[in-house]
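One structure is given below, encoded as structure tokens.
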DNA sequence: GCGACAG
DNA sequence: ATCTTGTCGC
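Residue numbers (my numbering): 145 to 386.
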């Protein structure tokens with residue numbers, strides 16, 4: 145992807161929330177909720193951790209059928225924006241797109257720790273990122289940002305997440321001991337495929353493997369940086385003009 | 001105005 | 001997200 149293009153979509157530098165809101169609206173108009181993939185041979189999870197003023201973005205690629213790890217990638221950058229509900233994209237998007245660009249082979253579908261179309265402006269990070277990068281994505285989260293649903297209590301039980309009269313995702317009980325999780329289409333993934341893909345990636349834990357492993361990898365990298373033994377970590381300037 | 005609010 | 005020990009339950 146062109147650097148100027150990524151800067152336009154992900155750089156919060158000198159922009160107001162009104163500007164960012166306009167970008168989210170623009171991205172939502174680019175959404176396609178039909179399955180935009182052929183076969184599902186690989187799946188990846190992406191997640192971020194933080195250390196002081198730095199953000200660490202980690203990606204773990206898995207074989208879709210066996211869920212075995214077949215690749216990793218990461219990037220460390222300066223944090224550019226505080227966390228503001230409904231604007232998560234502009235806090236993590238720059239690092240995420242940079243890490244994603246480093247992947248030699250892109251996954252057939254990407255699972256992100258965020259909302260998808262289950263967002264007030266239909267522009268949760270998974271949807272925004274997917275639309276901007278033109279890649280199939282799914283948003284997996286632990287809390288409901290918007291919408292209502294019956295709460296599942298038995299493992300494997302799931303219900304529709306509804307907002308303003310329309311289904312925007314699913315809420316599902318994935319393990320006996322944990323609270324249910326929310327899954328929603330990001331971009332180029334249908335509501336039905338979203339459910340099937342996430343359920344396929346479950347391995348008895350609260351979160352699907354891609355996202356769970358990306359979370360662990362991000363935490364691992366964070367610890368390497370903190371202990372100063374970050375021989376594995378690489379700092380990235382990001383696509384910020386300087 | 002008040003409360004809710006992905007990570 | 002992050003700061004943090006033990007503890008209740010399966």
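C-beta: ideal position from N, C-alpha, C; glycine also. In this text the structure is predicted, and so the values were computed from the model without any measurement.
query, result
"Could you check whether residue 341 and residue 282 sit closer than 8 Å to each other, using their CB atoms as the reference points?", "yes"
"Give the secondary structure of residue 162 by DSSP, where H, G and I count as helix, E and B as strand, and everything else as coil.", "helix"
"How far does the beta strand (DSSP E) with residue 316 in it extend, from its first residue to its last?", "310-316"
"Alpha carbon to alpha carbon, how far is residue 346 from residue 324?", "13 Å"
"Quick one: give me the first and last residue of the alpha helix (DSSP H) that residue 336 is part of.", "335-344"
"By Cβ distance below 6 Å, which residues in the same chain neighbour residue 214 in space, the five residues on each side in sequence not counted?", "205, 207"
"Who are the Cβ neighbours of residue 348 in its own chain at under 7 Å, not counting the five residues just before and after it?", "319"
"Look at the Cβ atom of residue 285, then the Cβ atom of residue 258, and state whether they are nearer than 8 Å.", "yes"
"On a Cα-Cα basis, can you pick out the residue from 221, 165, 253, 209 that is closest to residue 337?", "253"
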